[in-house]
Structures are given as structure tokens and as C-alpha cells.
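Worksheet: one structure, shown below.
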Amino acid sequence: MIELNCYIRGSLSSVQASADIKKLIPDAMLRRRISGITREAVSTGLECAARAGLPLDAIITATGWGCLAESEKFLNGFKESDEMSASPSAFMQSTFNSVGSYLAQVLHCHEYNMTYVNRGHSFEDAVLDAAMLIEDNEAANVLLGSYDELTPSQYGIMERMGFWRKYQSGAGAAFMVLSKEKGSNCLARLSGMEFNCENMSEAGVAGRFNCNMDNGELIYINNQMFPVASSIGFVQAADRISSGTGKVVIYNEFPGERPVISILECI
Amino acid sequence: MRIAISGIGIISALGAGASRTIEALSAARSGISSSTAIVSSHLELPAGEIPLTNEQLALKLGIDGKRIISRTALLGAIAASEALDNARCGKDRRIALISGTSIGGMDLTELFEKDSGKGPFSRLRYVRMHDCASSTRFIADHCGITGYTSTISTACSSAMNAIIAGARLIRHNIADTVIAGGTDALSLFTLNGFNSLGILDCNVCRPFDRNRNGLNLGEAAAYLVLQREDVLDSDPYCYLEGWGNANDAYHQTASSPNGDGAYMAMKKALETSGLETGRIDAIIAHGTGTPNNDAAETQAFVNLFGSNIPPFISTKAYTGHTLAASGSLNAVIACLCIKHGFLPASLNFNNPMDEGLPVPQSTFNNKIRIRNMLTNAFGFGGNCSSIILSAQ
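For the protein sequence lines, the chains are L and H, in the order given.
No gaps in the numbering here: position 235 of the first sequence is 237 in the working numbering, and each next residue is one more.
No gaps in the numbering here: position 48 of the second sequence is 232 in the working numbering, and each next residue is one more.
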């Protein structure tokens with residue numbers, strides 16, 4: 003177990019997001035330029051940052067598959083035209099770090115900016131990086147988030163691969179602000195993470211960490227074939243702790259990968 | 185606690201391995217060809233293509249050449265295993281892998297025929313390696329890495345950021361040895377993408393020249409073995425003393441005219457190393473050959489170093505711009521420069537840029553003693569990274 007000590011001072015999933023995008027992104031040009039998952043992720047990140055109200059000194063994003071719709075649009079464009087035409091804007095939007103860079107542009111954040119693209123553990127990699135950055139005093143408040151979309155062709159391909167017989171599909175975005183200081187708006191403390199765990203049953207995890215499952219102390223993810231699932235788990239965990247649960251253990255076993263465990267506690 | 189570079193591995197258009205790379209750099213020989221032979225593109229653009237088919241690459245790894253494996257993964261496994269062998273790591277080391285890539289398995293995905301259902305390229309094996317992490321997973325399995333693995337994708341600074349992330353893993357004792365770097369194969373996706381942005385030169389690129397007219401794409405994989413000083417199994421090439429990442433926060437694909445992000449990344453690297461600007465002996469610049477990058481980067485040099493800018497070069501006219509791999513490619517070359525005491529010539533430089541901007545070193549120097557070397561990698565989304573490698 004890697005011992006960590008930092009504080010979640012804001013969390014928001016795209017389902018919870020409600021702010022007017024015109025207020026979040028005053029630049030109409032930029033608003034028009036972004037669509038789909040990029041728009042959803044950037045606006046969720048900006049609203050999360052605005053709610054936390056802290057000066058940010060790092061932005062870390064995570065995505066399993068990136069901006070797939072734009073990638074497909076670009077790919078189909080040059081394939082169908084036999085390389086005669088290709089959309090520069092789709093190419094730009096298809097870049098994995100485009101969400102992180104739009105957030106930096108809107109927030110005028112010139113500091114550390116990183117993007118992890120590591121399947122179902124992308125978000126945990128981002129959380130670990132943020133926690134280490136905070137411990138190194140390179141950042142005090144880090145905006146971090148995860149996003150993934152599900153396009154029709156991807157759904158079809160994964161259906162052919164047989165995933166939907168065993169696993170749930172999903173999509174969305176979720177963001178958090180992780181901080182060095184507790185402040186007055188702290189939701190939960192991140193106290194530890196463990197990578198490359200052995201596969202464990204729900205009861206096994208609960209037993210090892212002494213979780214009271216009736217109190218929602220365990221978020222057990224093992225059948226969700228969408229990389230953003232664990233970041234949504236983090237948002238749920240922070241919500242539960244801020245409304246009274248003592249601790250929440252997040253067990254994330256992405257299909258085909260070794261599990262990652264994260265522990266959030268009340269302050 | 186210092187972080188040593190104890191192993192390097194590289195494959196690019198200059199050849200596979202450190203000695204072929206040194207040979208080409210010493211002879212000022214470019215690996216860029218007038219068009220691609222393995223990637224079948226109608227664009228006929230010059231590129232730094234590795235002249236080996238996927239089947240030949242697989243055979244180098246000792247695996248069945250008929251298996252459908254993304255070129256990004258094959259190149260990555262060749263360079264990463266070379267780096268690991270080079271470091272002669274003990275089996276009991278806690279080894280992590282951090283790999284940067286910008287296209288992952290797109291080279292296979294772009295062959296996939298999604299609608300036909302029956303064609304030769306409609307089989308699912310052409311999309312199984314699509315995601316970026318699949319190349320990292322393949323490299324980890326090939327090298328027998330069971331520790332922490334991660335994948336970073338920040339466009340052209342990906343591999344440099346993997347090195348920075350690797351340093352942090354060692355500093356926090358999550359690993360004592362990290363294989364860090366990046367891999368990107370040439371693909372129709374990137375050729376058409378950069379072409380659509382209008383930033384490809386139809387001739388061999390001319391970094392830092394007044395008449396520069398864009399970049400050439402290339403493909404490469406390059407990895408470094410980072411080790412905590414007290415667990416070394418071989419003499420290190422040099423030490424990773426400084427690192428910095430900053431964001432230009434200006435435009436999705438263009439640098440700010442003053443090179444603010446570049447300046448901040450280099451300044452942060454100096455700060456973490458504790459070195460003054462005067463202690464930097466040479467720079468391997470990002471130097472892509474686009475009008476925008478080279479003007480912004482040299483302006484950042486002026487802003488940081490004033491009138492005492494160390495000799496600087498670009499490697500892009502040798503290998504092409506190898507995108508996600510470019511940062512670790514430059515870092516591997518920097519290790520070789522420090523160890524062997526040379527600085528390659530920046531190729532195709534003839535005319536100084538306007539407005540008194542500095543000029544690159546355009547002749548081969550084999551009498552230079554490099555104590556501290558700065559190297560840069562900048563990516564789309566204003567992502568700017570720098571590291572400092574030091575002898576002793």
C-alpha cells in the first residue's frame with residue numbers, strides 16, 4: 003500500500019454538472035470548436051474547478067480511449083477520400099491531451115499538465131501522480147479528471163468481441179480537485195493506493211479493509227467495461243464521506259487488468 | 185538521492201541500437217527518405233521510416249512474424265528490451281515501465297474495414313491493439329515487467345513526460361528502476377493529420393533555417409533505464425538532474441510567439457537541478473523545422489540564456505519528427521553525447537533566422553566536454569517539457 007495524504011476539495015461527475023457552458027467558456031469561438039466528449043469533459047472540469055474555488059497549479063487528465071468520435075471522423079475522412087481530404091480540426095481534437103490543454107487555456111494555467119492513457123487505471127495513475135506532485139510541493143491544488151465516450155462503431159466492435167455478454171458499457175466524465183491543505187471545503191482524505199493487487203471478491207476486499215458494506219464503505223468495480231468507471235467511483239466515495247460515511251474503499255478491477263485499490267477517509 | 189541513467193535503447197530511421205545511431209550522427213547522415221515504402225500513402229511525403237516490415241521487426245524480437253501486432257508495440261519492445269539489457273538490471277529490482285505514445289495501435293486500426301465484415305482486414309485482431317495502453321502492455325510482457333506500468337499521451341512530449349513521471353516514481357520509492365520513454369510508428373493517420381495542418385515540408389526539413397518550411401514525420405522508439413543511484417548494476421551514462429513541464433496555454437497546435445511554455449519548462453528543469461544557466465554546455469532542441477516552433481523555441485532560449493546561449497542542435501533532420509518518441513529519442517542521443525563527448529551537426533542549416541535569433545551548431549563537434557545537457561520536447565496542446573542530463 004502506498005501511503006498518501008491529500009484532500010479532495012471538489013468532485014463532480016458529468017451527470018451532476020449543471021452550469022451554463024456560456025459562463026464556463028466565455029470564448030464563443032472555443033465553445034463552437036469543441037463537441038461531444040471534449041465539450042462534456044471540459045465543461046465538467048471547469049465547473050468542478052469553479053465550485054472548489056481554488057487557485058490551480060496542475061491539471062492532470064485521464065482517458066482510456068481518448069476522443070474516439072473525432073478520431074473516427076478523421077480516419078473515415080481520409081480513408082473515404084483516398085487521402086484527398088482530411089479534417090484538420092478533427093485531427094486536432096483527436097489528440098489525447100486536448101481536454102487537458104483546453105482546460106489550461108480557459109483557466110490560464112501554465113503549470114504542470116499531464117495526460118494518462120492507461121485503460122481502466124488511467125484515473126488512478128492520474129490520482130497517484132497528483133498526490134506525488136502535492137507531496138513534492140510542486141502543486142498545492144490539482145484539477146484531475148477522467149473522460150471516455152462510447153461511439154456506435156466502438157460499441158459494435160466490442161459487441162463482436164463479446165464484451166457486452168459479460169460487462170456493462172458506459173461513458174462520461176468526472177473531475178476532482180486534490181489539495182495539500184484541508185481548507186474549509188474538504189470532502190475526504192486520500193490515504194492510500196495499491197496497484198497490481200490480486201483479484202479479490204467483494205467479501206475479500208471488505209474483510210481485508212474491514213468495510214461495513216451496509217454503510218457503503220466499499221465501491222466494488224469489476225464488470226464495467228468503461229475506463230471512466232473508477233473516477234465516477236471516486237466522486238461517489240467523496241459524496242458518501244462528506245455525508246457521514248467513515249471511509250470508502252474503491253476496488254477497481256478493469257477487465258483483463260490487475261486491480262487497483264484506493265482508500266478515502268473522512269477528515 | 186540521485187537518479188542515474190544506466191541503460192538506453194533506440195530504434196529509428198538511423199538504425200537499431202546505439203552504435204548505428206552514433207555512426208549516422210557522426211557522419212551527418214540523415215535517415216529521411218523521399219517517400220514512405222512501408223506505409224502505403226498517396227501523399228508521397230519524405231519521412232524518417234525504419235526500413236523493416238512488421239514481420240522483420242517481429243523476427244528481431246524472436247516472435248512469430250505472422251502475428252498481428254501494432255508497429256508501435258513492436259518498435260517499443262525492441263528499444264525497451266535493448267535498454268533493459270544495456271543496464272544489466274538484477275532480477276530482484278522493482279522495475280516499472282512508463283511509456284509514451286500518441287497513436288498506439290492506430291497503424292492497425294486504419295487497416296480495419298469496419299463495414300465489410302468479410303474482407304481480409306475486417307478481423308478483430310486489427311482493432312484489438314487500438315488503445316495506447318496495449319503497446320505498453322505488450323512491451324511489459326515482452327520484457328517480463330510485473331511492476332507498475334503506465335502510459336502517457338501528451339502528443340509530442342509524451343516520452344519526455346514519461347521520463348519525468350519515472351523520476352517521480354523513483355523519488356517516491358514506488359520503483360527503484362524505471363524503463364521510461366516512448367514509441368510511435370508512422371501511420372496514415374499522422375501523415376494525413378499533419379498534412380491537413382499544412383506543417384509538413386515536401387523536402388527534408390531545415391530546422392532553425394530562415395527558409396524552413398515545416399517538419400517531416402518519422403518513427404522511433406527510445407527508452408532509458410532510470411535507477412536509484414544505490415541500486416545500479418552497471419556504470420551509468422549520466423544522471424537525470426532536472427525536469428520541468430509547463431503549458432503554453434495559448435493554442436491547440438501552435439506555440440505562443442514568445443515561447444512562454446518552452447521558457448517555463450526549461451526554467452523549471454534548471455530549478456529542479458539547482459544549476460545556473462551558465463552551467464548548461466549544450467542543448468538538443470525540439471527544433472521541428474516549422475516556422476512557428478523554431479522561432480518560439482529560439483526566442484525562449486534568448487529569454488532564458490540572454491546572450492550566452494549554449495550550442496544547440498536539432499535531430500529532426502536525421503530521424504524526422506518521431507512524435508511521442510521524440511523526447512526520449514533526444515534523451516538517448518544526449519546520453520551518448522555526454523558519454524562520448526560529441527555534439528552532432530544540426531543538419532540543413534544555411535541561413536540565420538531573422539531578427540538576430542541565435543543559430544544552431546551546424547558542424548560535428550567531437551571535442552566537446554558536456555557536463556550538463558538540456559533537452560526539450562514540446563507537444564500539441566501547449567505541452568512543453570525539458571530535462572537536464574548531467575555527467576557524474
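Even for Gly, the Cβ is constructed at its ideal location relative to N, Cα and C.
Requested in this report: List the residues of chain H whose Cβ lies closer than 9 Å to the Cβ of M116/L, in chain order.
Outcome: One-based indexing of the first sequence puts residue 116/L at position 114. Taking a Cβ-Cβ cut-off of 9 Å, the neighbours of M116/L in chain H comprise I336, T338, N345, I348, A349, N429 and N567, given in sequence order.
Query raised in the report: When the cut-off is 7 Å and only beta carbons count, does L381/H lie next to chain L?
Result: Counting from 1 along the second sequence, the entry for residue 381/H is found at position 197. With 7 Å as the cut-off, L381/H counts as an interface residue toward chain L.
Query raised in the report: Taking the alpha-carbon positions, what's the N224/L to Y253/L distance?
Result: Within the first sequence, the letter at position 222 stands for residue 224/L. Within the first sequence, the letter at position 251 stands for residue 253/L. Answer to the nearest angstrom: the Cα atoms are 8 Å apart.
Query - Selected residue, minimal CA-CA separation from D360/H, among E228/H, D325/H, A200/H and A351/H - result: Start at 1 with the first residue of the second sequence, and residue 360/H comes out as number 176. Of E228/H, D325/H, A200/H and A351/H, the smallest CA-CA separation from D360/H is found for A351/H.
**Report entry** Contact set between the stretch 69-80 of chain L and chain H, restricted to residues whose Cβ is under 7 Å from the partner
**Finding:** Residues F76, L77 and F80.
Query raised in the report: Which of the three DSSP states, helix, strand or coil, is assigned to T559/H?
Result: To locate residue 559/H, count along the second sequence from 1; it is residue 375. For T559/H, the secondary structure class from DSSP, reduced to helix, strand or coil, is strand.
Query raised in the report: Since L372/H meets chain L, which of its residues come closer than 9 Å, beta carbon to beta carbon?
Result: Working through the second sequence from its first residue, we reach residue 372/H at position 188. What L372/H touches in chain L: L77, F80, K81 and E85.
Query raised in the report: Are G284/H and A508/H close, meaning C-beta to C-beta below 7 Å?
Result: Counting from 1 along the second sequence, the entry for residue 284/H is found at position 100. Counting from 1 along the second sequence, the entry for residue 508/H is found at position 324. In contact: G284/H and A508/H (Cβ atoms closer than 7 Å).
Query - T547/H, buried or exposed, once every other Cβ within 10 Å from all chains shown has been counted against 16 - result: Residue numbering aside, residue 547/H sits at position 363 when the second sequence is read from its first letter. T547/H is exposed by the Cβ-count criterion.
Query raised in the report: From S371/H to A197/H, what distance separates their C-alpha atoms?
Result: By one-based count along the second sequence, residue 371/H stands at place 187. By one-based count along the second sequence, residue 197/H stands at place 13. Their backbone Cα atoms lie some 15 Å apart in a straight line.
Query raised in the report: Sorted by chain position, which residues of the same chain lie with C-beta nearer than 8 Å to A212/H's C-beta, five sequence neighbours on each side aside?
Result: Taking the first residue of the second sequence as 1, we reach residue 212/H at position 28. Excluding positions up to five away in sequence, the list reads P528, A529, L531 and F548.
Query raised in the report: Unbroken alpha helix (DSSP H) runs of length 4 or more, entirely within the stretch 399-439 of chain H: which are they?
Result: Unbroken alpha helix (DSSP H) runs of no fewer than 4 residues, entirely contained in the stretch 399-439 of chain H, are not found.
Query raised in the report: Are the stretch 261-278 of chain H and the stretch 211-227 of chain H touching by the rule of at least three beta carbon pairs closer than 8 Å?
Result: No: fewer than three Cβ pairs fall under 8 Å.
Report task. Quick one: list the residues of chain L neighbouring E294/H, beta-carbon separation under 8 Å, in chain order. Result -> If you number the second sequence from 1, residue 294/H lands on position 110. Those are L77 and K81, listed as they occur along chain L.
**Report entry** 4 or more residues per run - each alpha helix (DSSP H) lying fully within the stretch 18-56 of chain L
**Finding:** When DSSP assignments are scanned along the stretch 18-56 of chain L, the uninterrupted stretches of alpha helix (DSSP H) that are 4 or more residues long and fall wholly within it turn out to be 23-26, 30-35 and 38-54.
**Report entry** Strand pairing of N254/L, partner residues [DSSP]
**Finding:** Taking the first residue of the first sequence as 1, we reach residue 254/L at position 252. DSSP output for N254/L lists I223/L and V262/L as bridge partner(s).
Report task. Could you check which residue in S232/L, R242/L, L266/L and D22/L has the C-alpha nearest to that of A52/L? Result -> As a working note, residue 52/L is residue 50 in the first sequence. Looking at the Cα atoms, D22/L is the closest of the given residues.
Query - Beta carbon proximity, F98/L to chain H, threshold 7 Å - result: Counted from its first residue, the first sequence places residue 98/L at position 96. For F98/L, the closest Cβ of chain H is nearer than 7 Å.
Report task. Return no unless some Cβ of chain L is closer than 7 Å to the Cβ of G377/H. Result -> Translated into the one-based positions of the second sequence, residue 377/H becomes position 193. Using a CB distance cut-off of 7 Å, G377/H counts as an interface residue toward chain L.
Query - alpha helix (DSSP H) runs wholly inside the stretch 311-353 of chain H, at least 4 long, in chain order - result: Uninterrupted alpha helix (DSSP H) stretches at least 4 residues long and entirely within the stretch 311-353 of chain H occur at 316-327, given in chain order.
Query raised in the report: Taking Cβ positions, are W427/H and I554/H nearer each other than 7 Å?
Result: By one-based count along the second sequence, residue 427/H stands at place 243. By one-based count along the second sequence, residue 554/H stands at place 370. No, they are not a contact pair.
Requested in this report: Would you mind working out which of K249/L, D84/L and Q95/L sits nearest A71/L, comparing C-alpha positions?
Outcome: Indexing the first sequence from 1 puts residue 71/L at position 69. Among K249/L, D84/L and Q95/L, the Cα nearest to that of A71/L belongs to Q95/L.
Query raised in the report: Quick one: is M163/L buried, meaning 16 or more other Cβ sit within 10 Å of its Cβ, or exposed?
Result: Position 161 of the first sequence, counted from the first residue, corresponds to residue 163/L. The Cβ neighbour count for M163/L, taken over all protein chains shown within 10 Å, is under 16; the residue is labelled exposed.
Query raised in the report: Where do the N-terminal and C-terminal ends of the alpha helix (DSSP H) with T117/L fall, by residue?
Result: Here residue 117/L is taken as the residue at index 115 of the first sequence, counted from 1. Unbroken run through T117/L is the beta strand (DSSP E), Y114 to Y118; no alpha helix (DSSP H).
Query raised in the report: Taking 7 Å as the CB-CB limit, is C389/H close to chain L?
Result: The count along the second sequence starts at 1 and reaches residue 389/H at position 205. No, C389/H does not count as interfacial toward chain L.
**Report entry** Neighbourhood of Y310/H by C-beta distance below 6 Å, restricted to the same chain and skipping five residues each side
**Finding:** As a first step, residue 310/H must be located in the second sequence, where it is residue number 126. Cβ within range, chain order: L292, L295 and F296.
Report task. Return the chain-ordered list of same chain residues with a C-beta closer than 7 Å to the C-beta of L135/L, the five sequence neighbours on each side being excluded. Result -> In the first sequence, residue 135/L corresponds to position 133, counting from 1. Cβ neighbours of L135/L beyond the five flanking positions: A60, Y114, A141 and V144.
Requested in this report: Could you work out which residue in I497/H, E425/H, L268/H and N431/H is closest to L454/H when comparing CA atoms only?
Outcome: Here residue 454/H refers to the residue found at position 270 of the second sequence. If we check each option's Cα against that of L454/H, E425/H comes out closest.
Query raised in the report: Tell me which same chain residues have a C-beta within less than 6 Å of the C-beta of I467/H, skipping the five on either side of it?
Result: For this step, residue 467/H is matched to residue 283 along the second sequence. For I467/H, the CB contacts under 6 Å within the same chain, skipping 5 residues up- and downstream, are P494, F496 and L558 in chain order.
Query raised in the report: Roughly how many whole angstroms lie between the Cα atoms of V486/H and N442/H?
Result: What you label residue 486/H is simply residue 302 of the second sequence in a count that begins at 1. What you label residue 442/H is simply residue 258 of the second sequence in a count that begins at 1. Distance between the alpha carbons of V486/H and N442/H is about 10 Å.
Query raised in the report: Under the three-state reduction of DSSP, which class applies to K249/L: helix, strand or coil?
Result: For this step, residue 249/L is matched to residue 247 along the first sequence. In the structure shown, K249/L falls within a strand segment according to DSSP collapsed to helix, strand and coil.
Query raised in the report: Leaving out five residues before and five after L268/H in sequence, what residues of the same chain have Cβ atoms less than 7 Å from its Cβ?
Result: On the second sequence, position 84 is the one that residue 268/H refers to. Correct list, in chain order: G191, C327, I363 and V409.
Query raised in the report: Quick one: complete beta strand (DSSP E) runs, 3+ long, within the stretch 522-569 of chain H?
Result: If you keep only unbroken beta strand (DSSP E) runs of at least 3 residues inside the stretch 522-569 of chain H, you get 556-563.
Query raised in the report: Can you tell which of I159/L, L14/L, A173/L and M3/L has its C-alpha closest to the C-alpha of D241/L?
Result: The residue labelled residue 241/L in the question sits at position 239 within the first sequence. The shortest C-alpha to C-alpha distance from D241/L to any of I159/L, L14/L, A173/L and M3/L is the one to L14/L.
Query raised in the report: Just checking, does the stretch 411-425 of chain H make contact with the stretch 312-322 of chain H on the three C-beta pairs under 8 Å criterion?
Result: Contact between the stretch 411-425 of chain H and the stretch 312-322 of chain H is absent, because fewer than three Cβ pairs lie under 8 Å.
Query raised in the report: Should A404/H and T503/H be called a contact, given that it needs their Cβ atoms to be closer than 7 Å?
Result: The residue labelled residue 404/H in the question sits at position 220 within the second sequence. The residue labelled residue 503/H in the question sits at position 319 within the second sequence. A contact, by the Cβ cut-off of 7 Å.
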